[in-house]
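Peer 1: Sharing a structure, written as structure tokens. Questions coming.
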Amino acid sequence: MKYVTIINEQRYEIEIDNDGSVTINGELRDVDFLNLGGSLFSVITENKSLEAVIDDDEGKIAVMMSGRLFETQVLDERAMLLMQRRGGGSVGSGEVHAPMPGLVVAVSVEHDQPVAKGDTVVILESMKMQNELKSPIDGVVRAIHAEPGQAVDKNDLLVEVRPPVAAE
Amino acid sequence: MQTGPFNKILIANRGEIAVRIIRAARDLGIPTVAVYSDVDRAALHVRYADEAVHIGGPRPAESYLRMDTLIEVARRTGADAIHPGYGFLAENADFAQQVMDEGLVWIGPSPKAIATMGDKQAARTAVRRNNVPLIPGTEAGMPDDELIHAAKRIGFPVLIKAVAGGGGKGMRPVEREGDFAESLATARREAESAFGNGDVYVEKLLLGARHIEFQILADARGNTIHLGERECSIQRRHQKLVEEAPSVFVDLDLREKMGAMAIAAAESVGYVNAGTIECMVDRDKNFYFLEMNTRLQVEHPVTELVTGVDLAKEQIRIARGRRMGPTESLLEPKGWAIECRINAEDPYSNFMPSTGLITTMILPTGPGVRVDNGVYSGSEITPYYDSMIAKLITWGETRSEAMLRMRRALSEYRIMGLKHNIPFHINLLNSISFIAGQFDTTFVERRFNMTTYEQAPSPDELETVAIAATLYAHRKRRLASQVVAPAKRDASNWKWMGRFERMHR
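Here is the structure:
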């Protein structure tokens, strides 16, 4: 099976054979990958013993190794094909969702307002903290689905930003 | 009653601090009563306590802040003392008074001490009587023209602070005299809209200041001592993230002077029980009283490790009216201790809090390692309470031994299922400025970030991560395709799934 795995925008071509042997970027690699229960794994590669906690969330695989968190994307042949058809990396969605349940303290933008990537659009209070939710893209505010004082659930859509027309 | 005998403690709190108090009580052979909200039925403090009582809904106002319910539960379970922990009702003088009026023992200072120290102006007035140095500043309630004169007298830069503010909110620095009038107007407007009170005062802004605090212990027999300092300068948005004891900045001479000041501040309100005097110390080692926290602090374990004193146990002993264990102030701490607060916050996206199920958690152990923990694998982190889930504390003979042990412990610590700040701590422990003790309260916000590692992951490490992630995805896919394969088997997929799971148990 052939995969392309992406970490920190770096691509690795990895092949896993039916006998379990692993090739990375064309080089055969000696790997012993053992599940220790739950999401904990032991990896011994070229005699190096490491532990990793691996979880997946909506297609992304998070690997915690040596105390650091790596977000990876593992694409098989079909997923690669799909991505190529879409013309490389898709443009990020302009939707701002609630990352956790909370209370909307303020909506900092108005309808039709131009925003830059990283501009604060909503302030959400959760876990006794006020959190600034930012626009994921440059664009114009197309719709606002939240108002101050409103309690929202995780993943609720709060604001939609559409890319500026000129860019299309 | 403020002190007196008791035989059962109700803990009006949750999380790691409730567990900490249960442990102290158990060490003393005293039974405990835990209380819990709808979402805390499976919490660790409920599992560890001798008795547990459900008190209401998930929002603090529906459960952990309900004074009459807590007192009623104490009555019903025969608990004759209440320990408030920190946060929630710990610094609520009315609650302390109600507890005492009911004839229960309040494990904490008197309501009067709580009320005085809880009011900035009253606290300043009280400690000034005992010649405790204060940051030069004005009183509240002054009109604009008087504030401008006062600011000039104090000398720029200054800080405009909202009387009703706190926890880092409602503060505005002013660098130059020319900017003062405009900043004052803005500060008043902000204070009015945020706190419903536009009153402000002006304080000198200290440059390169460190946040250093002293642990106080006082019993009802007239003894007041200090147990040395804690360095709390590693903070973000005025939330402490790392604390250590002692401080690299404090020598024996400064410890003696600041310790004497801390005792004088505590005595100014007739303080009894454990408390903390927070100070600002500038580059020239001038120190100023900031405020007193009239409760057990989050970071109390670093003091415990370098003094050998169990502060939670001493709190109980003092509340029982006994003489406290240590009799003299501690001027020479034994070794060094560091604490990292483990928060469910994502350091890679602006420390956004994270909620959800902890799928895996493996705690570090080994020499010099202590974890004060309130959660476990399978715990649900909800949005109702603050994001701190555990504290990791290490001890060493020297600061560098404590730090190396912290690095080891952080690398053993595994939490999955939600985002947490362990990568932040690892990055911090690799920072040369931090290791060298060169930091002040602005360090994390101004001179530290998560995108540049002082030690970047090696190409080999990245390759290993890539392989592990791919093998994980590969196995998962194979498992899925086996299960969903069309019925070549005689049994249905559901039956087959059940057998498959039994086989792999």
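Protein chains in written order, with our numbering: chain A, 1 to 168; chain B, 1001 to 1505.
For glycine and all other residues, C-beta sits at the position ideal for the given N, C-alpha and C.
Touching or not, the segment 132-143 of chain A and the segment 93-105 of chain A, by the rule of three or more beta carbon pairs under 8 Å?
Peer 2: A contact exists between the segment 132-143 of chain A and the segment 93-105 of chain A.
Peer 1: Leaving out five residues before and five after A/Ser-126 in sequence, what residues of the same chain have Cβ atoms less than 6 Å from its Cβ?
Peer 2: Met-100 and Gly-102
Peer 1: Report all residues from its chain with a CB closer than 8 Å to the CB of B/Pro-1383; omit the five preceding and five following residues, and keep chain order.
Peer 2: Closer than 8 Å at the Cβ level, and outside the excluded window around B/Pro-1383, lie Pro-1353 and Thr-1355.
Peer 1: Relative to the C-alpha of A/Arg-3, which candidate in A/Val-159, A/Val-107, A/Thr-72 and A/Val-53 has its C-alpha closest?
Peer 2: For the record, residue 3 of chain A in the displayed sequence is Tyr; it is not Arg. Out of A/Val-159, A/Val-107, A/Thr-72 and A/Val-53, A/Thr-72 has the C-alpha closest to the C-alpha of A/Tyr-3.
Peer 1: Check distances from the C-beta atoms of the segment 4-19 of chain A to those of chain B and list, in chain order, the residues that come in under 7 Å.
Peer 2: Those residues of the segment 4-19 of chain A placed with their C-beta closer than 7 Å to a C-beta in chain B are Thr-5, Ile-7, Gln-10, Tyr-12, Ile-14 and Ile-16, ordered along the chain.
Peer 1: Short of 6 Å in beta carbon distance, which residues of its chain neighbour B/Phe-1351, apart from the five on each side in sequence? Order them along the chain.
Peer 2: For B/Phe-1351, same chain residues with a beta-carbon under 6 Å away, outside a window of 5 residues either side, are Glu-1345 in chain order.
Peer 1: Would you list, in chain order, the members of the segment 143-165 of chain A that have their beta-carbon closer than 9 Å to a beta-carbon of chain B?
Peer 2: Lys-154
Peer 1: Closest by CA to B/Thr-1276, which one among B/Phe-1434, B/Val-1298 and B/Gly-1196?
Peer 2: Among B/Phe-1434, B/Val-1298 and B/Gly-1196, the Cα nearest to that of B/Thr-1276 belongs to B/Val-1298.
Peer 1: One question on the structure: do B/Ala-1150 and B/Phe-1195 come within less than 8 Å of each other, judged by their Cβ atoms?
Peer 2: A distance of 8 Å or more separates the beta carbons of B/Ala-1150 and B/Phe-1195.
Peer 1: Could you give the residue range of the beta strand (DSSP E) that holds A/Val-43?
Peer 2: 40-45
Peer 1: Check whether the Cβ of B/Leu-1471 lies closer than 8 Å to any Cβ atom in chain A.
Peer 2: yes
Peer 1: Buried or exposed for A/Leu-36, please, with buried defined as at least 16 other CB atoms from any protein chain shown within 10 angstroms of its CB.
Peer 2: exposed
Peer 1: If we count the other Cβ atoms within 10 Å of its Cβ and call it buried at 16 or more, is B/Ala-1262 buried or exposed?
Peer 2: buried
Peer 1: Apart from the five residues just before and just after B/Ala-1209, which ones in its own chain have a Cβ nearer than 7 Å to its Cβ?
Peer 2: Only residues of its own chain outside the window of five on either side were considered, and among them Met-1280, Val-1281, Asp-1282, Asp-1440 and Thr-1441 have a CB closer than 7 Å to the CB of B/Ala-1209, listed in chain order.
Peer 1: Taking C-beta to C-beta, are B/Met-1406 and B/Ile-1435 nearer than 8 Å?
Peer 2: no
Peer 1: Among the residues of its own chain, which have a CB less than 6 Å from the CB of A/Ile-7, if the five just before and after it don't count?
Peer 2: Phe-70 and Thr-72
Peer 1: For A/Met-1, decide whether its Cβ has a neighbour in chain B, counting only Cβ atoms nearer than 8 Å.
Peer 2: yes
Peer 1: If you follow the alpha helix (DSSP H) that B/Gln-1097 is in, where does it begin and where does it stop?
Peer 2: 1093-1101
Peer 1: For a contact meaning CB atoms closer than 7 Å, what does B/Met-1352 contact in chain A?
Peer 2: Pro-99 and Asn-131
Peer 1: So A/Gly-94 contacts chain B; which residues on that side make the cut at Cβ distance below 9 Å?
Peer 2: Result: empty, since nearest Cβ-Cβ is about 17 Å, beyond 9 Å.
Peer 1: Could you give the uninterrupted runs of the beta strand (DSSP E) lying entirely in the segment 1141-1178 of chain B, keeping only those of 3 residues or more?
Peer 2: 1158-1166 and 1169-1174
Peer 1: For the pair the segment 1385-1404 of chain B and the segment 1316-1333 of chain B, tell me if three or more CB-CB distances fall below 8 Å.
Peer 2: no
Peer 1: Does chain B have any CB closer than 8 Å to the CB of A/Gly-67?
Peer 2: yes
Peer 1: Quick one, which of B/Met-1361, B/Pro-1367 and B/Gly-1366 has its alpha-carbon nearest B/Asn-1373's?
Peer 2: The candidate whose alpha carbon is nearest that of B/Asn-1373 is B/Met-1361.
Peer 1: On the criterion of 16 or more Cβ atoms from any shown chain inside 10 Å, does A/Ala-167 qualify as buried, or is it exposed?
Peer 2: With a pLDDT of only 44 at A/Ala-167, under 50, the local geometry of the prediction cannot be trusted, and no value is derived from it.
Peer 1: Can you name the start and end residues of the beta strand (DSSP E) that A/His-203 belongs to?
Peer 2: Beyond the ends of chain A as shown, which are 1 and 168, falls residue 203 of chain A; an answer cannot be given.
Peer 1: Please go through the same chain and pick out, in chain order, the residues whose beta-carbon is closer than 6 Å to the beta-carbon of A/Gly-88, but skip the five residues on each side of it.
Peer 2: Caution is warranted here: a pLDDT of 48 is assigned to A/Gly-88, below 50, making its placement in the model unreliable, and the coordinate value is therefore given only provisionally. Hits under 6 Å: none found.
Peer 1: State yes or no: is the beta carbon of B/Leu-1410 nearer than 8 Å to at least one beta carbon in chain A?
Peer 2: yes
Peer 1: Which one of B/Gln-1482, B/Gly-1228 and B/Ile-1148 has the shortest CA to CA distance from B/Ala-1337?
Peer 2: B/Gly-1228
Peer 1: Indicate whether at least one CB of chain A lies closer than 8 Å to the CB of B/Arg-1414.
Peer 2: yes
Peer 1: Starting from A/Asp-112, find everything on chain D with Cβ-Cβ shorter than 7 Å and list it in chain order.
Peer 2: You won't find chain D in this structure, because its protein chains are A and B.
Peer 1: Alpha carbons only, please: which of B/Leu-1217, B/Leu-1205, B/Leu-1479 and B/Lys-1161 is nearest the one belonging to B/Glu-1190?
Peer 2: The shortest Cα separation from B/Glu-1190 among B/Leu-1217, B/Leu-1205, B/Leu-1479 and B/Lys-1161 belongs to B/Lys-1161.
Peer 1: Quick one: Cα of B/Gln-1215 to Cα of B/His-1226, how far?
Peer 2: Counting only the Cα atoms, B/His-1226 lies some 5 Å from B/Gln-1215.
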